[in-house]
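In my numbering, the protein residues as written are 481 to 732.
The C-beta atom is built at its ideal place from N, Cα and C for all residues, glycine as well.
For clarity, every value in this text was computed on a predicted model and none was experimentally measured.
Heads up: the structure comes next, in structure tokens.
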């Protein structure tokens, strides 16, 4: 059996209870060494074989899985955050489907959730934003033309930008071209939930300057929108005494 497991956003105790149990039981662990906190490998049993996929191709990862299956061993494929976001899991699953190899998927805490915790923020503030756009800049790996940053910026929703720390001047340009002003609140969160986490408030226009000032060149994500500063928002109707719900009658 092969288990795809979300490692969480960084802190080793932010892996799910299920994910930790799977790590403890695994005979083989293939972990994304460029991003997963190696402290998570402390959960592995002594005779577990560990592979760092940062140094491997897709074909090499799959070969390790195939060999483990032949030997009736349990494999954990450990991805950073939650594998459904930039995890490249579908291409692995499709091959396993072709081979008739069973697998399942244990979700994890995404870095965009960890970044919100670093700032004590809520992405979906009533009256400010009720939508979150998760995206990235086009770089060596392209994005579909219809998903260009400027087109998303036109919505003025809260935006979380992954994998783009080295392109912040261009990111600001595209955000402004799409409709955000240069003074729109923004934040940079470096290594969310890790021991060396850093979080900085800035604006769309000062993203690159802020990163340079703090020597941030990778392993960070950017959050854009008025929800960052939570300076104005409406009270939630759910807990409003004048609002009736399925579980509570209005009292005012």
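Residue 500 carries a helical assignment under DSSP once its states are collapsed to helix, strand and coil. A direct Cα-to-Cα measurement between residue 482 and residue 715 gives close to 45 Å.
Contact between residue 510 and residue 503 does not hold, since their C-beta atoms are separated by about 12 Å, which reaches or exceeds 8 Å. By the C-beta criterion, the region 518–526 is judged not to be in contact with the region 542–551, since fewer than 3 inter-stretch pairs fall below 8 Å. Relative to residue 592, the option among 693, 613, 618, 656 whose CA is nearest is 613. Going by DSSP, residue 557 is part of the beta strand (DSSP E) stretching over 555–559.
Short of 6 Å from the beta carbon of residue 707, and not among the five residues preceding or following it, lie these beta carbons of its own chain, in chain order: 603, 605, 608, 609, 638. A distance below 8 Å separates the beta carbons of residue 702 and residue 651. CA-to-CA, the gap between residue 678 and residue 671 works out to about 7 Å. If you check the CB distance, residue 698 and residue 684 do not come in under 8 Å.
In the DSSP annotation of this structure, residue 565 is not part of any alpha helix (DSSP H), being labelled neither H nor E. Here residue 703 is bridged, per DSSP, to 640, 667. The region 483–495 and the region 560–576 touch, with no fewer than 3 CB-CB distances between them shorter than 8 Å. Relative to the Cα of residue 641, the nearest Cα in the group 622, 667, 620 belongs to 667. Boundaries of the alpha helix (DSSP H) around residue 690: 687–693.
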